[in-house]
Amino acid sequence: MLSPVNTYDQHVGARLLDFFNLATPWHRSLWNPSLVLTLKEVLEASEAFRASARGKESLKDLLNHAVRLAGTDPGTGEPKQRQLLQQALGTSVPHDGLDFLTVAGISKDIETQYLERWSTALADPTARPRPERTARAVASHLLDLGFSSNFLHRWWTYRIRHEPDTRTLADVLRDAHHLAQGAIRTFDVLIAFETAPRSPVGLPPRWIDAPTASEWLRQNHFVARGVRQDGGMLFHIPARDADSAVETAMELLDNFAARLEISTNLPWKPPLPTAWVANEQRPFKLTRRTRKVQVRALEREAQIYSASNPSIVDAALELLAPLQASSPSAAVAGGWAAIEALLSEPADHAIAAERLASLVACSFPRAEMTYLSYLMEQHPGPLAVEISDCGTNRDRCAIVTNALENNRPLGLSNPSDLAAVERMRGVLSAPYVKLHDIQGHATNALLRLYRQRNLVLHWGKTDAVALRAGLRTAAPLVGAGMDRIAHAWFVQKIRPLELAARARMALAVIGTRPRTSCLDLLE
Numbered sequence: 260m261l262s263p264v265n266t267y268d269q270h271v272g273a274r275l276l277d278f279f280n281l282a283t284p285w286h287r288s289l290w291n292p293s294l295v296l297t298l299k300e301v302l303e304a305s306e307a308f309r310a311s312a313r314g315k316e317s318l319k320d321l322l323n324h325a326v327r328l329a330g331t332d333p334g335t336g337e338p339k340q341r342q343l344l345q346q347a348l349g350t351s352v353p354h355d356g357l358d359f360l361t362v363a364g365i366s367k368d369i370e371t372q373y374l375e376r377w378s379t380a381l382a383d384p385t386a387r388p389r390p391e392r393t394a395r396a397v398a399s400h401l402l403d404l405g406f407s408s409n410f411l412h413r414w415w416t417y418r419i420r421h422e423p424d425t426r427t428l429a430d431v432l433r434d435a436h437h438l439a440q441g442a443i444r445t446f447d448v449l450i451a452f453e454t455a456p457r458s459p460v461g462l463p464p465r466w467i468d469a470p471t472a473s474e475w476l477r478q479n480h481f482v483a484r485g486v487r488q489d490g491g492m493l494f495h496i497p498a499r500d501a502d503s504a505v506e507t508a509m510e511l512l513d514n515f516a517a518r519l520e521i522s523t524n525l526p527w528k529p530p531l532p533t534a535w536v537a538n539e540q541r542p543f544k545l546t547r548r549t550r551k552v553q554v555r556a557l558e559r560e561a562q563i564y565s566a567s568n569p570s571i572v573d574a575a576l577e578l579l580a581p582l583q584a585s586s587p588s589a590a591v592a593g594g595w596a597a598i599e600a601l602l603s604e605p606a607d608h609a610i611a612a613e614r615l616a617s618l619v620a621c622s623f624p625r626a627e628m629t630y631l632s633y634l635m636e637q638h639p640g641p642l643a644v645e646i647s648d649c650g651t652n653r654d655r656c657a658i659v660t661n662a663l664e665n666n667r668p669l670g671l672s673n674p675s676d677l678a679a680v681e682r683m684r685g686v687l688s689a690p691y692v693k694l695h696d697i698q699g700h701a702t703n704a705l706l707r708l709y710r711q712r713n714l715v716l717h718w719g720k721t722d723a724v725a726l727r728a729g730l731r732t733a734a735p736l737v738g739a740g741m742d743r744i745a746h747a748w749f750v751q752k753i754r755p756l757e758l759a760a761r762a763r764m765a766l767a768v769i770g771t772r773p774r775t776s777c778l779d780l781l782e
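With this note's numbering applied, the sequence shown corresponds to residues 260 to 782, in that order.
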């Protein structure tokens, strides 16, 4: 386990568990992909530019972002390699040219040594990056290698909290390095059906009948008795871990279901809610995986079943629906269409990313303060009483803000909550800098969503290297921004562009206003 007295390691560990926890709220989630994936996106963008599927300015923005990212990342390597990479990225990186091949070669070197270099960097307390930066870099690298969030959450939870020996984060990162270097395995995944999903052309590929499925379960030491099934599909899936293999199998089933519906109009027979993986001791629950797009204003303002005349906001929310759980291609197309419908202008569609990011930045302080208030209310004491007497979330947030400014005991002990408190103290002490930093990170995530949408719609690229990472990082932010748009529209009839203008003005003057104004940036 990590030493409980090492606050740096505890902070990083808490944030890693935040990033790998599927229940983490948007304001504590991971917004960026890894350095390696960004470099792979650069190489793909170079090819797309040659094919006229990506514009010059879009490529330039991506290259500038990659230069900034590589320049401060210890995983990039020694200074001369970092300098060479930045030099190559400083050009247009013509496809298959010298700079292109240089970026490709350095990217492969970084991928194989990344976590080892971070382990070395953390060994020097005087030079190591800030804990938030460290956690983002490590988490995004592991996720973009193909490990599932569930697997990584279990792996890190054991080493942070339950491992018998006390170790440093640098030591654990060496373990993570060896984990990342492991070969991709092939997993046998069985998904069974109570009723076989027959079609006019027969059963799906990889289908096995009921007796064969029962025998497979017994041979792999699962309890077959009581499993009512009419057969199943036995997949052989290359993956980093069993959870990831099951997720891939579910994506394949979604693809089969869509093909069946559009070709025959026949309904897809849903599988049993359990998957089995050979050589795993436990079965896996098949649950509907969502991307955490949450527009709570629809529930708060009783607009879920609204029968009023549809507005542009209603139309955008309908476009947004595929972003929650549809296939990656449909999700990126629908998600960006919703943003573009509300916040773009004819001459510049990409500007919608910056506008939505400004709403996200303005929403961040209230969202985190509200979340903290409910946690603090659970701990008996004067603060809990004051918070419980509040009639609005805004009043709850004001009490939390006052407590942070006056260093009152908060009653919190969970490292994740303590890390959030530290972030909010930073926002209160330097609101202009911190909120513009948040806006910048959100803008990068949303611009990546826009780029992936263009690859899908203008190049037919449904397997782009950053497609899934772009959805994972942007979807919760889209939900947060659209929640503010929906609230403003349904409560005050404020148009989305008016709200974006309000956010723009608030962010421009935030450093000159009282600290509590962080709670009222969109009011």
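C-beta atoms are modelled at their ideal positions from N, C-alpha and C, and glycine is treated no differently.
- Spatial neighbours of LYS299 in its own chain (CB-CB distance under 6 Å, excluding positions within 5 residues in sequence) are listed in chain order as VAL724.
- Assigned with DSSP and collapsed to three states, MET260 falls in coil, not helix or strand.
- Around ALA501, the same chain offers PHE446, VAL536 and GLU539 as residues with beta carbons nearer than 6 Å, after the five sequence neighbours per side are excluded.
- Beta-carbon to beta-carbon, TYR373 and VAL295 are separated by about 7 Å, close enough to satisfy the 8 Å threshold.
- Counting along the chain, no alpha helix (DSSP H) covers HIS495; the unbroken beta strand (DSSP E) around it starts and ends at 491-498.
- Looking at the backbone, the Cα of ASP573 and that of ALA516 are separated by about 28 Å.
- Here LYS339 is exposed, its C-beta having fewer than 16 other C-beta atoms within 10 Å.
- LEU781 sits close to ARG761, with the two beta carbons spaced by under 8 Å.
- In the displayed model, ILE563 falls within coil according to three-state DSSP, outside both helix and strand.
- With respect to LEU694, VAL680 sits apart: the two C-beta atoms are not nearer than 8 Å.
- Every unbroken stretch of the alpha helix (DSSP H) spanning 4 or more residues and falling wholly within the stretch 375-455 is given here in chain order: 390-403, 408-416 and 428-440.
- Taking 8 Å as the cut-off, the beta carbon of ALA398 is found no closer than this to the beta carbon of LEU328.
- The continuous stretches of beta strand (DSSP E) do not include VAL505, which lies in the alpha helix (DSSP H) extending over residues 501-523.
- The beta carbon of PHE749 sits closer than 7 Å to the beta carbons of ALA556, GLU560 and GLN562 from its chain, once the five residues preceding and following it are set aside; these are given in chain order.
- Beta-carbon to beta-carbon, GLY491 and ILE467 are separated by about 6 Å, close enough to satisfy the 8 Å threshold.
- If the five residues before and after SER588 are omitted, its C-beta is found closer than 6 Å to the C-beta atoms of VAL715 and THR721, all from its own chain and listed in chain order.
- Put simply, the backbone Cα of GLY740 is about 13 Å away from that of LYS551.
- Within the model, the alpha-carbon separation for VAL692 versus LEU525 is close to 55 Å.
- The beta carbons of VAL554 and ALA704 sit about 18 Å from each other, so the pair does not count as a contact at 8 Å.
- Between ALA394 and VAL271, the C-beta spacing is below 8 Å.
- According to the DSSP assignment, THR266 belongs to no beta strand (DSSP E) but to the alpha helix (DSSP H) extending over 266-279.
- Rounded to the nearest whole angstrom, the C-alpha separation of TRP414 and PHE359 is 36 Å.
- Here DSSP, grouped into helix, strand and coil, assigns PHE623 to helix.
- About 6 Å separates the beta carbon of PHE452 from that of LYS528, a gap short enough to meet the 8 Å contact definition.
- In the DSSP assignment, GLY461 is bridged to SER458.
- Just measuring C-alpha positions, the residue of SER378, LEU411 and VAL352 sitting nearest ARG274 is LEU411.
- Scanning its chain for C-beta atoms nearer than 8 Å, with the 5 sequence neighbours on each side dropped, one finds around TYR267 the residues PRO384, ARG387, PRO390 and LEU428, in chain order.
- Rounded to the nearest whole angstrom, the C-alpha separation of THR371 and GLN440 is 7 Å.
- Residue nearest to ARG754 within the set ARG653, VAL591 and ALA575 is ALA575 (criterion: CA-CA distance).
- For VAL352, there is no enclosing beta strand (DSSP E), as DSSP gives it neither H nor E.
- Beta bridge pairing from DSSP links LYS544 with THR533.
- Excluding five sequence positions before and after LEU493, the CB atoms of its chain that fall closer than 6 Å to its own CB belong to LEU449, ARG465 and ILE467, given in chain order.
- When DSSP states are grouped into helix, strand and coil, ASP573 belongs to the helix group.
- DSSP, read as helix, strand or coil, puts TRP290 in coil.
- Between the C-alpha atoms of ASN661 and LEU766 there is a straight-line separation of about 21 Å.
- Its chain contains MET635, GLU636, GLN637 and GLY670 as the residues whose beta carbon lies nearer than 8 Å to that of ALA643, once the 5 sequence neighbours on both sides are disregarded; these appear in chain order.
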